[in-house]
Structures are given as structure tokens and as C-alpha cells.
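Worksheet: the structure to be examined is printed underneath.
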């Protein structure tokens, strides 16, 4: 997989509250909840049980895909088993190529300043390589004049060296300056894009509620920074390696072709051994990123809840959890140190051998008087340049393994946010014309590619503008995302419902089979009453509340879809045939609820603690979506 981290870097240079009005109660209605619920399994056990069946269902759908479709079917497979990332998995390499290009390409495609900066960096890279070649010839002439004891030639070489130094230093400094500036602007742009995705359609809430990814704060703050910096560094290093390889190979072939053959064999041997010895580093680095983030999060949680912890005297419990996560991080880091030690046994020996190989190969020519001492010096320089270019995996393997793990984490985060948005959009009634108009209005307010001229982009690139980085373009509209998702993203366990649409299916954990909903399973009653149920009235209509679960039941033995939710102008709340279950699908909270709250009306929800009053508000606000029915609500205050 680490080899994939090198290969994919070649892509970069060419990449292009719900609110009910309160006040007097002129028409107050009361909705009462008083169910008697059977205690169920602990939450962790229920989640693990359900997750196992959902994964089984998802795997069966993946097995039916064509190979080319399977390669683009989400990020779960990439992050499933980090310990096994050490092997050279070409399917995993292909997926990392896809993930890298999908994250990296939009910036260089949308942002004009990025195109100017990458052109500057590439141009300076070419010039910098030409300067290095020129210095190799100056070194040859320097040692030749010294060996021949020719003071006139020696002084002339010193003058040329001074001029080359005056020209080369600004080029080298400018190259690093613009490379770092490009990395900084790219980080700012990508961070804003990821933050837009994080807040759109409440992805931040859904990711936390479903526990789909760990430590999103770290992925935004650190993984984005590492992705942009390391991507650019490695990409430019690869470009420079290709240029140097072409330039110095010509020099080495003109001196002694056998030396060029020796360097090819030596570099191939070093690359093979490095990958074989250090293949575990990718998985260990992936695990270290997660454990460091967990440790940092536990400290942040203690800081944010300091008053509550002090009030209840919970320091011991909190500190025990913090120390536990610290131990996990230290133990994994110890594994990382041992793996690095094993790798360095080879890489250090590999670097020392470079000091004698060129001299050992070319010395017969020098002793025979066929070449001068300056040519020997030049061959050393050319040999080291080419060996560094061919041994990039040997020299950068630890950084590459860490970078590869970072791509997986950032790619998984972006995939989960996109899947969360698709899940939300698929149960909302989307007004395409309104969405398009909002996106257009938002685009006109931003400084992105649509409003930046090429002259302004050049001014920003060279530092003549006060604008450091431009915000990204708005995210694609919901209709555009759903259209693209139909081609590129596999639906999550979707099945046809009776109306011809697609809804997620939930399986009863204890049986692993699919069931249709019925009054027998749920204890539904409309207009009637049983001993294990309570009635609730809203005006003249009746709404069924949560029934008592059958003895021994730990999850709903029925097929659950998702609640259709929409926001429409006007102070009207409409709930039609709402059935609500908990997110883990283990408890039925509301069934068959229909009501209207029009402008000027008020609704009071009463019931014992734990009967689902707050859960109903979460469903109305669109936070909890497991169940069925339709909810239409007005937009939040301040929005029309």
C-alpha cells in the first residue's frame, strides 16, 4: 500500500431547531405519551448486533456489483482493517488513486490562483534542476584544475562558481517559498470545502449520532493540513526526480555506462528490501493517528466539562479513561518505533554504501589514466543524484506510509459526509428550481473562480494582493449530488418499497430475516385501545403512541424505512402517519401520528420522562429519521 502512496502522487501536477411558537394557549392541544416499554439490551450490544446484520446485507449487495463498480463503492472497505494494509494490494492502490484525485483535483480545477502557482513552482523546479546540472560541471572543472595544479583555470572556475551561486540561491529560495505558499492556500481552500460539507444538511450531527467516523475535529484540522503539505512536497519531489534522472543519466552514461547499470541494480534492490521490511508501517501509522486523536479528545472533554466533573467528583473516572487512552497511544507508538528500527537497519547501511560504490566501479578508469579526478568527482555527484531519484521509496518510506494512512482517514471522512448528505436528501422533497437559485445566489457572493480574473489570480500568486486564499465554490446542489451518486456511489442497503421508491431496510437481529410491518408486531391500534397501550388525542383525531414491546423482544421485527422530511415556507407544521423508532431501531416510540399545527395554534406535549417527547421533536426537526411517514415544517427563524 505504501507503494500506492508514491504512485498516486503522480496525479497531482496534472490534476486539474425546530421551533413551535409559544405564547397564550387559545387553542391548546395536548399530546400525551405513557407507554410501558420492555427493557432491552444495552445500547452497545444492540448497536453491534444491528451493525453486524447491516454489514452482512451491504456485503451481499457489493458481491452483485461489477468489478469496476465495486472499486468506487464507499470508504468503509478502505478503513475496515488497517492492520492488513502492509501488503501490496493493487485494489487498495487503485482506490487510493481514486480517493486522492477526488480530493486533490477540484482545487486545481476550480481555482485560477492555484493554476498560476503550480505553473510557477514547476517552472522553478526546472530551473533549479538546470542549476544543479551546471554546478556538477563546475565541480568537475574545480577538481580537474586542482589536480592539474593550474591556478589560472582554478581562479576562473571560482569566478564562475560565484556567479552561479548568485543566480542559484534566489532560484532555490523562491522555489521553496512558492511551494509553501501553494500548500498554505490549498490547505485553506480544502479546509473550507470540508467544513462546508461538515455543516451542510447537519452532517456534523448525523456523523456523531451514528458514530460513523472517529475524531472529525482531527480530520479537519490535522489530516487536511498533512494531506496538502505532504501531497505537494512528494509531488514536487517526484517531478524533480524525473527531471534530475533525465539530466544526470546523460552525464553518467557519457562517463561510464557500467556505472549507470550498477545504480539501476542497487536502487531496485533497495526499493524491494525497503517495501518488504517496512510493509507494516502504514497500518501502524493509521492506528497511531486514531489513538492520538482519541487521547486528545478525552483531554478536551475533561476541559469542557470541568465544572460537572468537579461537582460530581468524577476526576478518578475521567483520569482513568484518559490514562487508558494514553497507554493505548504509547503502546502503538512503541510498535511504530520497533518497526522503524527494523527498517533503519537496512536504510542506514544502504546510505553508507553509496559513499564507496561509485569510486569502486570507476576507479579502474582513473588508475589507468583514462579520466581526470574532476570526472570522478562529477560521477559521484551524478551517481548520488540518480540514486536519490530512484531510491525515493527507500528515503521517504516512513513519510509515505504516514501519508497513505492520512489519505485513508480523510477519504473516509469525505465519503461519510457525502453519504450522510445523500441519505438526508433521499428522504426530503427537493425543489430543484429553489436549490439551483440558492446555489447561484450563493456563488455570486463568493470570491471563487467565477469572480476572480486571471490578472487578480496572478497578483495573488505573486503576493501583490491582500487576499491570501479564495473560498471554494458552493457545494453541488442536492439534485446534482443525487444524480451523481446514482452513478458513482452505491446505495446503502436500499430495497424497493410498495410505492416503487427506494428505502433502507432494517433486519431483526435475532432472526436475520426481513419482515413486513403489521399490527401484530407493533401492537398498532387506531380508534381502539388495548391493555398494553395508551391513547392520545389531538383535537378530534386519534394518534397511537408507543406500545408495549412483546416479551423478550430486543429489536423491531419489521421493515423500517426513513421519515420523509421537508421544509416549506409558512408557519405550518404537518405530520402525516408518522411512525418513529430509535436510531438503533430497537424501540418503537410513536406510531400512526397525524396532526396539523397552523399559524396561531399551540401544542403542548406531556408525558412521563423517557416516553419520547424529545424524540418526537427530534423527528420533527429532521434529526431522527428512522421510521416512516411525512413531516412538513416551516424554516427556522431568520430564514424564508
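Numbering (mature numbering (1 follows the signal peptide of the UniProt record, and there is no 0)), first residue to last: -17 to -1, 1 to 623. Glycine included, each C-beta is placed from N, C-alpha and C at the ideal position.
Among the candidates the options, whose CA atom is the shortest distance from the CA of residue i?
i	options	result
residue 107	572, 156 and 238	156
residue 559	593, 310, 567 and 602	602
residue 162	597, 546, 570 and 445	445
residue 172	120, 113 and 86	86
residue 372	324, 223, 205 and 296	223
residue 323	262, 95 and 565	262
residue 546	589, 587, 599 and 583	599
residue 593	570, 304, 582 and 88	570
residue 565	606, 577 and 557	606
residue 321	286, 152 and 260	260
residue 544	612, 555, 125 and 96	612
residue 151	340, 112 and 205	112
residue 386	314, 232 and 267	267
residue 552	582, 341 and 578	582
residue 243	214, 345, 198 and 279	345
residue 352	141, 189, 130 and 388	130
residue 167	142, 178, 208 and 257	208
residue 178	574, 200 and 339	200
residue 169	159, 230 and 91	91
residue 80	328, 619 and 394	394
Could you please give me the residues that DSSP links to residue i through a beta bridge?
i	result
residue 254	None; residue 254 has no bridge partner.
residue 383	Note: residue 383 sits in no beta bridge, so no partner.
residue 562	611
residue 545	609
residue 579	557
residue 550	616
How long is the line joining the alpha carbons of residue i and residue j, rounded to whole angstroms?
i	j	result
residue 374	residue 249	9 Å
residue 364	residue 235	9 Å
residue 580	residue 549	15 Å
residue 358	residue 252	27 Å
residue 121	residue 343	23 Å
residue 237	residue 336	23 Å
residue 608	residue 154	58 Å
residue 226	residue 403	44 Å
residue 291	residue 282	14 Å
residue 185	residue 610	19 Å
residue 625	residue 193	With the chain represented from -17 up to 623, any question about residue 625 goes unanswered, as that position is not in the structure.
residue 349	residue 370	22 Å
residue 334	residue 246	13 Å
residue 392	residue 383	14 Å
residue 616	residue 176	29 Å
residue 54	residue 78	Low confidence applies to residue 54: its pLDDT is 36, below 50, so where it sits in the model is not reliable, and the reading given next is rough at best. Answer to the nearest angstrom: the Cα atoms are 6 Å apart.
residue 206	residue 390	8 Å
residue 400	residue 264	28 Å
residue 190	residue 196	7 Å
residue 228	residue 367	11 Å
residue 388	residue 269	5 Å
residue 486	residue 214	Residue confidence is low: residue 486 scores 37 on pLDDT, short of 50, so the model does not pin down where it sits. No coordinate-derived value is stated.
residue 412	residue 279	Because the pLDDT at residue 412 is just 47, under 50, the model does not fix this residue reliably, and the value given afterwards should be weighed accordingly. Their backbone Cα atoms lie some 40 Å apart in a straight line.
residue 625	residue 76	A question about residue 625 goes unanswered here, because the residues of the chain that appear run from -17 up to 623.
residue 188	residue 181	9 Å
residue 284	residue 203	18 Å
Please classify residue i: does DSSP put it in a helix, a strand, or coil?
i	result
residue 496	Unreliable placement is indicated for residue 496, whose pLDDT of 35 sits below 50; the coordinate value is still reported in the next sentence. Of the three classes helix, strand and coil, the one that applies to residue 496 here is coil, per DSSP.
residue 220	helix
residue 367	helix
residue 267	helix
residue 74	helix
residue 151	helix
residue 594	coil
residue 442	helix
residue 339	coil
residue 391	helix
residue 196	coil
residue 351	coil
residue 143	helix
residue 138	helix
residue 401	helix
residue 262	coil
residue 625	For residue 625 there is no data in the structure shown, the boundaries of the chain being -17 and 623.
residue 94	coil
residue 239	coil
residue 322	helix
residue 315	helix
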